[in-house]
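Participant:
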Amino acid sequence: MDIAMNTTEALMSPDSTDATSVHKPVRDAVGSPLLDATDARMTCRNVNVYYGEKHAIHDVSLDIGKNEVIAMIGPSGCGKSTFLRCLNRMNDTIEGCRVSGQIQIDDQDIYDKSIDVVPLRAQVGMVFQKPNPFPKSIFDNVAYGPRIHGLAGNRTDLDEIVETSLQKAGLWEEVKDRLDQPGTGLSGGQQQRLCIARAIAVSPEVILMDEPCSALDPIATARIEELIDELRSNFTIAIVTHSMQQAARVSQRTAYFHLGDLIEVGATEQIFTNPTHKLTEDYITGRFG
Amino acid sequence: MPTSTLIILLLAVSSALYYFGRQRSLAVAGGEIRKLHSLPSYYGYYAALWCLLPALAVLLLWNGFESKVITTLVVNGLPAEVRNVDDARLGLMINDIRNLATGGVVSARPDPAMQTAASHYQDLQNISRAALAVVALVIASIGGFLAWRKIATGHRARNKVESIVKGFLLSSSTLAIFTTLGIVLSVLFEAIRFFQHVSITDFLFGLSWSPQMAIRADQVGSSGAFGAIPLFVGTMLISFIAMMVAAPIGLMAAIYLSEYASRRVRAIVKPVMEILAGIPTVVYGFFAALTVAPFLRDTGSMIGLDVSSESALAAGLVMGIMIIPFVSSLSDDVINAVPQAMRDGAYGLGATRSETIRQVIIPAALPGIVGGMLLAVSRAIGETMIVVMAAGLSANLTANPLEAVTTVTVQIVTLLVGDQEFDSPKTLAAFALGLSLFVTTLILNIVALHVVRKYREQYE
Ligand SMILES: Nc1ncnc2c1ncn2[C@@H]1O[C@H](COP(=O)(O)OP(=O)(O)OP(=O)(O)O)[C@@H](O)[C@H]1O
Ligand SMILES: [Mg+2]
Numbered sequence: 001m002d003i004a005m006n007t008t009e010a011l012m013s014p015d016s017t018d019a020t021s022v023h024k025p026v027r028d029a030v031g032s033p034l035l036d037a038t039d040a041r042m043t044c045r046n047v048n049v050y051y052g053e054k055h056a057i058h059d060v061s062l063d064i065g066k067n068e069v070i071a072m073i074g075p076s077g078c079g080k081s082t083f084l085r086c087l088n089r090m091n092d093t094i095e096g097c098r099v100s101g102q103i104q105i106d107d108q109d110i111y112d113k114s115i116d117v118v119p120l121r122a123q124v125g126m127v128f129q130k131p132n133p134f135p136k137s138i139f140d141n142v143a144y145g146p147r148i149h150g151l152a153g154n155r156t157d158l159d160e161i162v163e164t165s166l167q168k169a170g171l172w173e174e175v176k177d178r179l180d181q182p183g184t185g186l187s188g189g190q191q192q193r194l195c196i197a198r199a200i201a202v203s204p205e206v207i208l209m210d211e212p213c214s215a216l217d218p219i220a221t222a223r224i225e226e227l228i229d230e231l232r233s234n235f236t237i238a239i240v241t242h243s244m245q246q247a248a249r250v251s252q253r254t255a256y257f258h259l260g261d262l263i264e265v266g267a268t269e270q271i272f273t274n275p276t277h278k279l280t281e282d283y284i285t286g287r288f289g
Numbered sequence: 001m002p003t004s005t006l007i008i009l010l011l012a013v014s015s016a017l018y019y020f021g022r023q024r025s026l027a028v029a030g031g032e033i034r035k036l037h038s039l040p041s042y043y044g045y046y047a048a049l050w051c052l053l054p055a056l057a058v059l060l061l062w063n064g065f066e067s068k069v070i071t072t073l074v075v076n077g078l079p080a081e082v083r084n085v086d087d088a089r090l091g092l093m094i095n096d097i098r099n100l101a102t103g104g105v106v107s108a109r110p111d112p113a114m115q116t117a118a119s120h121y122q123d124l125q126n127i128s129r130a131a132l133a134v135v136a137l138v139i140a141s142i143g144g145f146l147a148w149r150k151i152a153t154g155h156r157a158r159n160k161v162e163s164i165v166k167g168f169l170l171s172s173s174t175l176a177i178f179t180t181l182g183i184v185l186s187v188l189f190e191a192i193r194f195f196q197h198v199s200i201t202d203f204l205f206g207l208s209w210s211p212q213m214a215i216r217a218d219q220v221g222s223s224g225a226f227g228a229i230p231l232f233v234g235t236m237l238i239s240f241i242a243m244m245v246a247a248p249i250g251l252m253a254a255i256y257l258s259e260y261a262s263r264r265v266r267a268i269v270k271p272v273m274e275i276l277a278g279i280p281t282v283v284y285g286f287f288a289a290l291t292v293a294p295f296l297r298d299t300g301s302m303i304g305l306d307v308s309s310e311s312a313l314a315a316g317l318v319m320g321i322m323i324i325p326f327v328s329s330l331s332d333d334v335i336n337a338v339p340q341a342m343r344d345g346a347y348g349l350g351a352t353r354s355e356t357i358r359q360v361i362i363p364a365a366l367p368g369i370v371g372g373m374l375l376a377v378s379r380a381i382g383e384t385m386i387v388v389m390a391a392g393l394s395a396n397l398t399a400n401p402l403e404a405v406t407t408v409t410v411q412i413v414t415l416l417v418g419d420q421e422f423d424s425p426k427t428l429a430a431f432a433l434g435l436s437l438f439v440t441t442l443i444l445n446i447v448a449l450h451v452v453r454k455y456r457e458q459y460e
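One line per chain: the protein sequences are A and B, in this order.
According to the working numbering, the first sequence is numbered sequentially starting from 1.
According to the working numbering, the second sequence is numbered sequentially starting from 1.
#1: Any contact between the region 65–72 of chain B and the region 190–200 of chain B? By contact I mean 3 or more CB pairs, one from each, below 8 Å.
#2: Classify V405(B) as helix, strand or coil using the three-state DSSP reduction.
#3: Can you tell me which residues fall inside 5 Å of ligand 1, judged by beta-carbon distance to its nearest heavy atom, and keep chain order?
#4: Per DSSP, H461(B) is paired with what?
#5: Between Y256(B) and chain A, is there a C-beta pair that is closer than 7 Å?
#6: Is there a Cβ of chain B sitting closer than 7 Å to that of C148(A), yes or no?
#7: What residues of chain B sit near Y144(A), judged by a beta carbon separation below 9 Å?
#8: Give the interface partners of R198(A) over in chain B, defined as CB-CB distance under 8 Å, in chain order.
#9: Please state the DSSP three-state secondary structure of L62(A).
#10: Beta-carbon within less than 6 Å of G183(A)'s beta-carbon, same chain only, minus the 5 sequence neighbours each way: which residues are those?
#11: Along the beta strand (DSSP E) that carries G150(A), what are the first and last residues, could you check?
#12: Which residues, taken in chain order from the region 93–122 of chain A, show a beta carbon closer than 8 Å to some beta carbon of chain B?
#13: Tell me which residue opens and which closes the beta strand (DSSP E) that Y51(A) is part of.
#14: Using 7 Å as the threshold, is the C-beta distance between A199(A) and V127(A) below it?
#15: So, helix, strand or coil for S328(B), using DSSP?
#16: Where G434(B) and T409(B) are concerned, what is the direct C-alpha to C-alpha distance, given to the nearest angstrom?
#17: Go ahead and label D210(A) buried or exposed: buried means 16 or more other beta carbons lie within 10 angstroms of its beta carbon, across all protein chains shown.
#18: Figure out for me which residue from V58(B), A117(B) and G368(B) has the closest Cα to the Cα of A80(B).
#19: With respect to the beta strand (DSSP E) encompassing Q104(A), which residues constitute its N-terminal and C-terminal limits?
#20: Please classify R98(B): is it buried, with 16 or more other beta-carbons within 10 angstroms of its beta-carbon, or exposed?
#21: Taking the beta carbon of E274(B) as the centre, do at least 16 other beta carbons fall within 10 Å, making it buried, or is it exposed?
#22: Could you tell me whether the Cβ of E355(B) comes closer than 7 Å to any Cβ of chain A?
#23: According to DSSP, which residues form a beta bridge with P182(A)?
#24: Would you mind telling me which residues of chain B sit closer than 8 Å to F128(A), beta carbon to beta carbon, in chain order?
#25: Check each candidate in A430(B), L375(B), A404(B) and M236(B) and name the one with the smallest Cα separation from L444(B).
#26: Just list the residues that DSSP pairs S210(B) with in beta bridges.
#27: Report the CB separation of A315(B) from A391(B) in whole angstroms; it is logged as a contact under 8 Å.
#28: A364(B) CB to nearest chain A CB: under 7 Å?
#29: If you compare alpha carbons, which of Q340(B), F286(B) and A147(B) is closest to V387(B)?
#30: Figure out for me which residue from L317(B), G143(B), G250(B) and S171(B) has the closest Cα to the Cα of D333(B).
#31: Whole angstroms is fine: what's the gap from D28(A)'s alpha carbon to A267(A)'s?
#32: Using only the alpha-carbon positions, how far apart do V447(B) and R379(B) sit?
#33: Span of the alpha helix (DSSP H) holding L208(A)?
#34: Check whether the Cβ atoms of Y43(B) and R22(B) lie closer than 7 Å to each other.
#35: With 16 as the cutoff for other CB atoms within 10 Å, does M302(B) come out buried or exposed?
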């Protein structure tokens, strides 16, 4: 109710969106950021993030649906990474970072005192901007997660997990003969797929990807995009990207962030063909950002 | 005029040329810097360097040959009967003349011949000084003027100045290399002389060390034994104890500081550690000798152990404490050099902090840590003061840390302390020990650097 009202308000005052007033928090996003309870895998309500004094995310409410790819776009420094890192509490590792609001996965508040980040991060995996394989063998890279979470009872199980993860990541054919070689010896695109395999080896429910293709060439990027599309049947994926084409190609829903505010969320097609908010339109048509 | 005044004068002239060179470059460019090949200041430096360097070279050469030339002239001017003595006497005489001329102490009452020689010496020196000043200033002016004349819009002053700077840097770095080489060679030659008295195998594999020997034929005394094994064993024992203390504590301190400590704690602990590193080793030495060693002896006697009042354990423990900051700051550096992305990767998979450290950060930093440890070992081997004070001088061949032992460095010190004859085997043995010490630490350092370098790019 409340949200719908504010939405119309924002719609009716388009001049509140021009460049001079963007610092004023836009309370609620255009388009519904929320999904039906049955569709939502993660729900975020009124999330605020502070880095010391700096207020980096203002009151963001957003749902992440089951088996969907949600793309987060927006100009540099608008808080996409910050928001993404809230979803598996990676911000805990940053000194001075404070998160308020409510983020739930399967009706569990992930910032609850009783929640342990170890199983949470197994549930919500992460792939980073720069491929960061450990300086270990390819096998050990993929086996790392299953080992620390004790997912494999014996070596055969572990072998199987590693193989299926590498297969799902589309890397198996390329590396099956050299699993004992260092993961750092692979090409950039292969390393990124290795990192994806490493993330899916712990069978997470959600995979967060922060600009996973920004260090890759177009061919490697295309492979990863294909992969994301395939992974959708088993996982929920939230991806941050600077490439509109990428967002348009891989995602079902798109969220546009601007200076810490969530401006607009909607079906990807609608956002790219018919954005409601002027800021979104400006960004998508390349007028700034 | 004295050399220092001359140098100041030369610097003044070259600063003036810096100014003129700069002005001229601006003048030829008509004030438009863009027309010049290099920035105006490069033209200034160019003129200044051309003024200064040739003059300084002349100054150096002149000072190098001056005294020889003057001495020859003075000697030739001496009356024949005074001059025709053996070289040693002549040398003494020349010394006297010099001292007379500069107003120093003379060995005998000066006779008139010496007096004239001295004043001759002084005259020559004054002439030489004056001539040098004139020549150097003239050369400086000519060099500066020529360089100044050459300045034109297309003149590549920057490239020339840069290559002179490169020359300076190169000579500085080679200076270090040549010094090392000089030290190695001098130690090597003395060691070879030692090995003419004592065979290499006796030295390297002998089990007994007692370097006291009769200096004169009529003295009674032992004939000296130069088996260095007890020293090597003692050194290894103490270094081992030191590393047993320093390696785990230093490493864990580094891990705590880089992974767990908040910024506030780090800001306090790191400087304190550095203070620990700055304490002179003598202070550690008497801490070991006066506090730790008695403590060990008392505790030992309480539980029925016989700890000698100077023990390898005391020296090793204190040396370990001394090396902790060294190990921890080296490890801290390598741990911090492990990219944040590695940590993020592990945390993102749900690894706990200690899992991340044990399984990701330490393996990634291991080569660097090993390298740091090897450097620490070579420091432990080279440490002298603590051992002199706390571990004693007796060359026992033992692996028991509760006994007194001695090390290579300590023996070098005791061999060379006091009045010594510089060609007795006893003294020369110090050089052989020094050589073996040098070779050991060199090998350790090479291995350490190799290890560090080989694995450095692993996580890039
Ligand atoms: N560790 C940090 N400490 C302090 N401020 C931070 C930190 N990380 C991010 N910020 C600030 O928070 C804001 C959002 O940063 P964030 O990294 O989330 O942006 P982004 O949308 O991911 O940008 P980009 O597209 O460039 O990756 C920025 O203003 C940034 O300066
Ligand atoms: Mg980012």
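All residues carry an ideal CB built from backbone N, CA and C; glycine is no exception.
Facilitator: Judging by the given coordinates:
#1: The region 65–72 of chain B, when compared against the region 190–200 of chain B, does not touch it at the 8 Å Cβ threshold.
#2: On the second sequence, position 405 is the one that residue 405(B) refers to. Shown here, V405(B) sits in coil according to DSSP, grouped into three states, outside any helix or strand.
#3: Going by the Cβ distance cut-off, the answer is Y51(A), A56(A), S76(A), G77(A), C78(A), G79(A), K80(A), S81(A), T82(A) and I94(A).
#4: For chain B, the structure presents residues 1 to 460; residue 461(B) sits outside this window and is missing.
#5: Taking the first residue of the second sequence as position 1, residue 256(B) is located at position 256. Residue contact check for Y256(B) against chain A: no CB pair falls below 7 Å.
#6: The count along the first sequence starts at 1 and reaches residue 148(A) at position 148. In the sequence as displayed, the identity of residue 148(A) is Ile instead of Cys. Judged by the 7 Å Cβ criterion, I148(A) is in contact with chain B.
#7: Locating residue 144(A) in the first sequence gives position 144, where the first residue counts as 1. Those are G345, A346, L349, A351, Q359 and V360, listed as they occur along chain B.
#8: As a working mapping, residue 198(A) is identified with position 198 in the first sequence. The contacting residues are G345 and L349.
#9: Position 62 of the first sequence holds residue 62(A). Assigned with DSSP and collapsed to three states, L62(A) falls in strand.
#10: Within the first sequence, residue 183(A) is the residue found at index 183, counting from 1. So the list reads P133, I138, N141 and L194, once near-sequence residues are dropped.
#11: As a first step, residue 150(A) must be located in the first sequence, where it is residue number 150. Going by DSSP, G150(A) is part of no beta strand (DSSP E) at all; its letter is neither H nor E.
#12: Sequence-ordered contacts of the region 93–122 of chain A with chain B read T93, E95, V117, V118, P119, L120, R121 and A122 [C-beta pairs closer than 8 Å].
#13: In the first sequence, residue 51(A) corresponds to position 51, counting from 1. Looking at the DSSP string, the run of the beta strand (DSSP E) that includes Y51(A) is A40 to Y51.
#14: The residue labelled residue 199(A) in the question sits at position 199 within the first sequence. The residue labelled residue 127(A) in the question sits at position 127 within the first sequence. With respect to V127(A), A199(A) sits close: the two C-beta atoms are nearer than 7 Å.
#15: Along the second sequence, one-based indexing puts residue 328(B) at 328. Of the three classes helix, strand and coil, the one that applies to S328(B) here is helix, per DSSP.
#16: Reading the second sequence from its first residue, position 434 is the one you call residue 434(B). Reading the second sequence from its first residue, position 409 is the one you call residue 409(B). When rounded, the distance between both Cα atoms is 8 Å.
#17: Position 210 of the first sequence holds residue 210(A). By the C-beta density criterion, D210(A) is buried, having at least 16 other C-beta atoms within 10 angstroms.
#18: In the second sequence, counting from the first residue as 1, residue 80(B) sits at position 80. The closest CA to that of A80(B), considering only V58(B), A117(B) and G368(B), is found on A117(B).
#19: Here residue 104(A) refers to the residue found at position 104 when the first sequence is read from its first residue. Taken as a continuous stretch (DSSP letters only), the beta strand (DSSP E) holding Q104(A) covers C97 to I105.
#20: Residue numbering aside, residue 98(B) sits at position 98 when the second sequence is read from its first letter. So R98(B) counts as buried.
#21: Taking the first residue of the second sequence as 1, we reach residue 274(B) at position 274. Burial call: exposed.
#22: As a working note, residue 355(B) is residue 355 in the second sequence. Interface residue, yes.
#23: As a first step, residue 182(A) must be located in the first sequence, where it is residue number 182. For P182(A), which the question treats as bridged, DSSP gives the partners S137(A).
#24: Start at 1 with the first residue of the first sequence, and residue 128(A) comes out as number 128. Below the 8 Å Cβ cutoff, chain B contributes A341, D344, G345 and G348 as neighbours of F128(A), in chain order.
#25: Reading the second sequence from its first residue, position 444 is the one you call residue 444(B). With distances taken between Cα atoms, L444(B) lies closest to L375(B).
#26: The residue given as residue 210(B) occupies position 210 in the second sequence. Residue pairing by DSSP places S210(B) opposite A225(B) in a beta bridge.
#27: Along the second sequence, one-based indexing puts residue 315(B) at 315. Along the second sequence, one-based indexing puts residue 391(B) at 391. Contact holds; Cβ gap of about 4 Å.
#28: As a working mapping, residue 364(B) is identified with position 364 in the second sequence. Taking Cβ atoms only, chain A reaches closer than 7 Å to A364(B), which makes this a yes.
#29: In the second sequence, the residue the question calls residue 387(B) occupies position 387. Ranking the options by Cα distance to V387(B), first place goes to F286(B).
#30: Against the second sequence, residue 333(B) aligns to sequence position 333. D333(B) has its Cα closest to that of G250(B), out of L317(B), G143(B), G250(B) and S171(B).
#31: Your numbering for residue 28(A) matches position 28 in the first sequence. Your numbering for residue 267(A) matches position 267 in the first sequence. Summary for D28(A): the model assigns pLDDT 49, below 50, so the residue's position carries little reliability, and this model does not support an answer.
#32: By 1-based counting over the second sequence, the position of residue 447(B) is 447. By 1-based counting over the second sequence, the position of residue 379(B) is 379. Those two C-alpha atoms are separated by around 14 Å.
#33: Within the first sequence, the letter at position 208 stands for residue 208(A). Per DSSP, L208(A) lies in no alpha helix (DSSP H); the unbroken beta strand (DSSP E) holding it starts and ends at V206 to D210.
#34: Translated into the one-based positions of the second sequence, residue 43(B) becomes position 43. Translated into the one-based positions of the second sequence, residue 22(B) becomes position 22. In contact: Y43(B) and R22(B) (Cβ atoms closer than 7 Å).
#35: Your numbering for residue 302(B) matches position 302 in the second sequence. If you draw a 10 Å sphere on the C-beta of M302(B), you find fewer than 16 other C-beta atoms in it, and that means exposed.
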